[in-house]
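Protein sequences, first through last, are from chains F and Z.
First residue of the first sequence? That's 30 in the numbering used here, and the numbers climb one at a time after it.
First residue of the second sequence? That's 61 in the numbering used here, and the numbers climb one at a time after it.
C-beta atoms are modelled at their ideal positions from N, C-alpha and C, and glycine is treated no differently.
Below: one structure, written as structure tokens.
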Amino acid sequence: MPDLFAPLAFTFVQRALVGSVLVGIVCASVGVFVVLRGLAFLGDAISHAAFPGVVIAFLFKVNLAIGGSIAAVASALTVGLIARRSGLREDVAIGVVFSGMFALGVVLFSGIKSYTGDLLGILFGDVLGVNEEQLAIAGVVTLVVVVSLWLVWKELVFVSFDPVGAAAAGLPVLRYDALLLALIGVTIAVSVQVVGIILVVAMLVTPAAAARLVALALAFAVGSAIVGIALSFFGNTASGATIVLVTTAVFALVWGIRAVRLRLLGA
Amino acid sequence: MTLAVTVASLPVVEASRTIELQDVSAGYDGVPVLRDVDLTVRAGELLALVGPNGAGKSTLLKVVAGLLPPMRGRVRVLGARAGEESGRVAYLPQAESLRWDYPLLVEDVVLMGRIAKLGVGRRAAAADREDARAALARVDARDLAQRPIAALSGGQRQRVLLARTLVAGPDVLLLDEPATGVDPTTEEQLMRVLEQLAAEGKTVVVSTHDLAGVMAHFPRVVSLNGRIVADGTTAVLRDDRILRETYGGHRPGGPQLYGDEHHA
């Protein structure tokens with residue numbers, strides 16, 4: 030049996046562990062609202078919209094997460110605006126804006142002649158290659174998102190549960206919706222570093238779908254991050270995808286247990 | 061200037077006008093649902109809004125709650141513009157528009173009535189929870205406090221929503237179809253609470269399809285069909301001409317009789 034703690038001797042494993050735990054925390058807490066509001070499709074779309082921001086940041090040698098955040102948040106708010114002003118259904122507005130943004134990213138990307146390993150990391154996640162600057166940014170973003178959520182948690186729940194009643198009580202419903210979109214945007218942009226654009230929605234949705242209470246969702250996400258990093262080290266598999274597979278397994282287990290318990294209680 | 065003149069120029073009834081609509085038209089996307097509405101409601105009144113689906117009952121409540129700006133006319137609520145009377149107006153939306161599948165406890169929902177007053181970053185204190193339990197007790201639902209909302213019946217949902225409204229401590233209560241999906245016992249109990257509130261000097265406006273309930277409990281009835289057809293006592297509901305103008309050719313007996321041509 031291999032020594033489970035041996036990988037911790039490597040600095041890159043330590044960084045990967047801290048990075049994926051931070052992503053687990055920030056994704057699970059925002060993810061509770063993504064699942065309650067039925068915004069999984071929007072989350073997936075925002076992650077793709079972050080791509081051109083990342084490519085432009087790469088071209089100008091700026092931090093990739095910052096470029097991704099700006100593109101993601103701007104697109105998320107644009108969709109909200111288009112859906113309200115044009116009368117188009119929100120899913121249609123999402124389809125138009127975000128696939129356009131992703132296509133822009135691909136076109137910009139195809140024009141880059143130099144080494145593009147960093148950018149491929151953005152598509153598929155590269156937590157083992159995460160550096161200290163990226164970790165620091167992930168830490169700050171996690172802190173900002175968690176504190177923001179703590180401050181307006183009850184307002185966001187009210188606005189999500191009963192938007193009309195909340196508006197009648199005098200809450201600025203549109204501003205809270207915009208805040209939630211912005212939090213989802215920065216969460217995705219910072220998480221893309223770890224699990225990649227294509228898989229980030231899983232971190233956002235799966236832990237919160239397994240447990241809608243935020244404390245349990247956090248525990249699932251953080252546990253999956255740690256177990257996923259360990260499995261990917263010993264199995265020599267892609268780390269981001271391994272973490273996502275662990276969250277999927279947790280989800281399947283939770284729902285399996287729930288189904289069995291319902292069967293037993295029903296019988 | 062004599063004292064008598066001063067008193068006469070400041071009539072008490074003027075001060076007690078809580079809702080005033082003058083020449084109000086309102087609707088959605090530029091299409092009016094309600095036209096030329098003049099309505100004054102005073103403190104202590106218990107008023108029923110009746111009319112077919114699409115008659116403008118919800119629209120009228122939303123205008124008064126400040127949720128829908130009128131297309132035309134003047135709306136004053138508690139002496140201020142609608143929506144600007146700082147938390148003294150509570151609006152109880154139709155229960156089916158809420159997300160009852162959320163993982164919330166009944167007490168969480170009741171405490172939502174306090175959120176606007178608490179402000180950002182502040183949690184409900186023990187005193188707020190005590191008030192929430194008292195509000196639940198008043199609607200005869202104290203034992204529901206720790207129940208998940210997903211497990212509530214239609215009648216229990218309405219009790220919980222009314223408790224949330226009570227916790228907000230409003231002077232004006234606007235209730236959109238609170239009798240829908242509610243059993244007769246619950247309806248009787250909720251009506252008793254609304255009658256008490258009116259007796260305490262609150263203004264209570266309720267939209268409803270339940271004409272028998274209106275006959276039994278409401279001192280004042282306003283019948284709507286895109287405009288105010290009649291405004292008076294329950295005698296309004298015994299007047300065939302008014303009923304025809306309100307409901308068209310159909311006799312009102314239940315929502316199924318109203319006919320689709322009335323849907324907005």
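Residues that residue i contacts on chain F, provided the C-beta gap is smaller than 7 Å
{"i": "P163 (chain Z)", "result": "R241, L242"}
{"i": "A125 (chain Z)", "result": "A197"}
Residues near residue i by beta carbon distance below 7 Å, same chain, minus five either side
{"i": "L257 (chain Z)", "result": "L233, V264"}
{"i": "G158 (chain F)", "result": "G150"}
{"i": "I226 (chain F)", "result": "S76, H77, A79, F80, I151, L152"}
{"i": "I95 (chain F)", "result": "A86"}
{"i": "D44 (chain Z)", "result": "With chain Z running from 61 to 324 in the structure shown, residue 44 (chain Z) is simply not present."}
{"i": "S297 (chain F)", "result": "Residue 297 (chain F) is absent from the model: chain F starts at 30 and stops at 296."}
{"i": "A195 (chain Z)", "result": "V170, A223, L226, V227"}
{"i": "A207 (chain F)", "result": "L106, G109"}
{"i": "E190 (chain Z)", "result": "none"}
Span of the beta strand (DSSP E), counted from its first residue to its last, around residue i
{"i": "R280 (chain Z)", "result": "280 to 284"}
{"i": "V123 (chain Z)", "result": "V123 (chain Z) -> not in any beta strand (DSSP E); alpha helix (DSSP H) instead, spanning 117 to 125."}
Contact set between residue i and chain Z, taken where Cβ atoms lie within less than 8 Å
{"i": "D191 (chain F)", "result": "P153, S157, L158, R159, M172"}
{"i": "L180 (chain F)", "result": "V180, G181"}
{"i": "E184 (chain F)", "result": "I175, V180"}
{"i": "F187 (chain F)", "result": "M172, I175"}
Three-state class that DSSP yields for residue i in the structure shown
{"i": "I141 (chain F)", "result": "coil"}
{"i": "T263 (chain Z)", "result": "strand"}
{"i": "V255 (chain Z)", "result": "Correcting the residue type first, residue 255 (chain Z) is Glu in the shown sequence and not Val. Looking at E255 (chain Z) - three-state DSSP - the assignment turns out to be helix."}
{"i": "G325 (chain Z)", "result": "Given a span of 61 to 324 for chain Z in the structure shown, any question on residue 325 (chain Z) remains unanswerable."}
{"i": "L106 (chain Z)", "result": "strand"}
{"i": "I258 (chain F)", "result": "helix"}
{"i": "L221 (chain Z)", "result": "helix"}
{"i": "Y162 (chain Z)", "result": "coil"}
{"i": "D98 (chain Z)", "result": "strand"}
{"i": "V279 (chain F)", "result": "helix"}
{"i": "R202 (chain Z)", "result": "helix"}
{"i": "D303 (chain F)", "result": "Any answer about residue 303 (chain F) is impossible in this case: the structure gives chain F only from 30 up to 296."}
{"i": "R118 (chain F)", "result": "coil"}
{"i": "P153 (chain Z)", "result": "coil"}
{"i": "I288 (chain Z)", "result": "strand"}
{"i": "P208 (chain Z)", "result": "strand"}
{"i": "P244 (chain Z)", "result": "helix"}
{"i": "E173 (chain Z)", "result": "As written in the sequence, residue 173 (chain Z) is Gly, which differs from the Glu given in the question. In the structure shown, G173 (chain Z) sits in a helix (DSSP, three-state: H, G or I)."}
{"i": "D270 (chain Z)", "result": "coil"}
{"i": "V180 (chain Z)", "result": "coil"}
Where the alpha helix (DSSP H) containing residue i begins and where it ends
{"i": "L297 (chain Z)", "result": "It is not in any alpha helix (DSSP H) - L297 (chain Z) carries neither H nor E in the DSSP assignment."}
{"i": "T40 (chain F)", "result": "40 to 65"}
{"i": "L138 (chain Z)", "result": "Neither: L138 (chain Z) is in no alpha helix (DSSP H) and is coded neither H nor E."}
{"i": "S104 (chain F)", "result": "93 to 115"}
{"i": "T171 (chain F)", "result": "161 to 190"}
{"i": "L81 (chain Z)", "result": "It is not in any alpha helix (DSSP H) - L81 (chain Z) instead sits in the beta strand (DSSP E) that spans 77 to 88."}
{"i": "L212 (chain F)", "result": "202 to 224"}
{"i": "V84 (chain F)", "result": "69 to 88"}
{"i": "L228 (chain F)", "result": "From DSSP, L228 (chain F) is part of no alpha helix (DSSP H); its letter is neither H nor E."}
{"i": "L37 (chain F)", "result": "That residue, L37 (chain F), is in no alpha helix (DSSP H); it is neither H nor E in DSSP."}
8 Å Cβ cut-off: residues of chain F touching residue i
{"i": "L235 (chain Z)", "result": "Near L235 (chain Z) there are no residues of chain F at all, since even the closest Cβ is about 11 Å away, more than 8 Å."}
{"i": "G147 (chain Z)", "result": "A198, G199"}
Sequence-distant residues of its chain with Cβ nearer than 6 Å to residue i (five each side left out)
{"i": "A68 (chain Z)", "result": "Per-residue confidence for A68 (chain Z) stands at a pLDDT of 43, beneath the threshold of 50, marking its modelled position as unreliable; the derived number appears in the next sentence. Nothing listed; no residue qualifies."}
{"i": "D89 (chain Z)", "result": "none"}
{"i": "L235 (chain Z)", "result": "L152, V266"}
{"i": "A150 (chain Z)", "result": "T225, A228, P230, L233"}
{"i": "G126 (chain Z)", "result": "A142, G143"}
{"i": "V55 (chain F)", "result": "T171, V174, T216"}
Within chain Z, partners of residue i - CB distance below 7 Å
{"i": "G194 (chain F)", "result": "Y151, P153"}
{"i": "L65 (chain F)", "result": "Y162"}
Neighbourhood of residue i by C-beta distance below 8 Å, restricted to the same chain and skipping five residues each side
{"i": "S58 (chain F)", "result": "V174, V175, L178, V243, A246, L247"}
{"i": "A38 (chain F)", "result": "none"}
{"i": "W284 (chain F)", "result": "A239"}
{"i": "E184 (chain F)", "result": "A195, L200, Y205"}
{"i": "Q43 (chain F)", "result": "L37"}
{"i": "V298 (chain F)", "result": "It is not possible to answer for residue 298 (chain F), since the shown part of chain F is limited to 30 through 296."}
Under 9 Å from the C-beta of residue i: neighbouring residues of chain F
{"i": "A228 (chain Z)", "result": "A198"}
Residue i Cβ short of 6 Å to the ligand ATP heavy atom set
{"i": "L228 (chain F)", "result": "No copy of the ligand ATP appears in this structure; indeed no ligand is present at all."}
Chain-ordered neighbours of residue i on chain Z, where CB pairs are closer than 9 Å
{"i": "F62 (chain F)", "result": "Here the premise fails: no neighbours, minimum Cβ distance about 11 Å."}
CB contact below 7 Å: residue i versus chain C
{"i": "L212 (chain F)", "result": "The chain labelled as chain C is not found among the protein chains of the depicted structure, namely F and Z."}
For the 8 Å Cβ check, are there 3 or more pairs between the stretch 183 to 198 of chain F and the stretch 49 to 56 of chain F? The stretch 183 to 198 of chain F vs the stretch 49 to 56 of chain F: no contact.
Take every Cβ of the stretch 210 to 225 of chain Z, pair it with every Cβ of the stretch 234 to 250 of chain Z, and state whether three or more of those distances are shorter than 8 Å. The stretch 234 to 250 of chain Z and the stretch 210 to 225 of chain Z touch, with three or more beta-carbon pairs separated by less than 8 Å.
When you compare the stretch 82 to 97 of chain Z with the stretch 117 to 127 of chain Z, are there three or more beta-carbon pairs, one atom per stretch, that lie closer than 8 Å? Contact check between the stretch 82 to 97 of chain Z and the stretch 117 to 127 of chain Z: three or more CB pairs, one atom from each, fall below 8 Å, which counts as touching.
Cβ pair count under 8 Å reaching 3, the stretch 163 to 171 of chain Z against the stretch 201 to 220 of chain F: Under the three-pair Cβ rule at 8 Å, the stretch 163 to 171 of chain Z does not count as touching the stretch 201 to 220 of chain F.
Segment contact, 8 Å Cβ cut-off, at least three pairs: the stretch 169 to 179 of chain Z with the stretch 222 to 230 of chain Z: Contact annotation: the stretch 169 to 179 of chain Z touches the stretch 222 to 230 of chain Z, with at least three C-beta pairs closer than 8 Å.
Three-pair Cβ contact test at 8 Å for the stretch 273 to 289 of chain Z versus the stretch 104 to 117 of chain Z: Because the criterion of three Cβ pairs below 8 Å is met, the stretch 273 to 289 of chain Z and the stretch 104 to 117 of chain Z touch.
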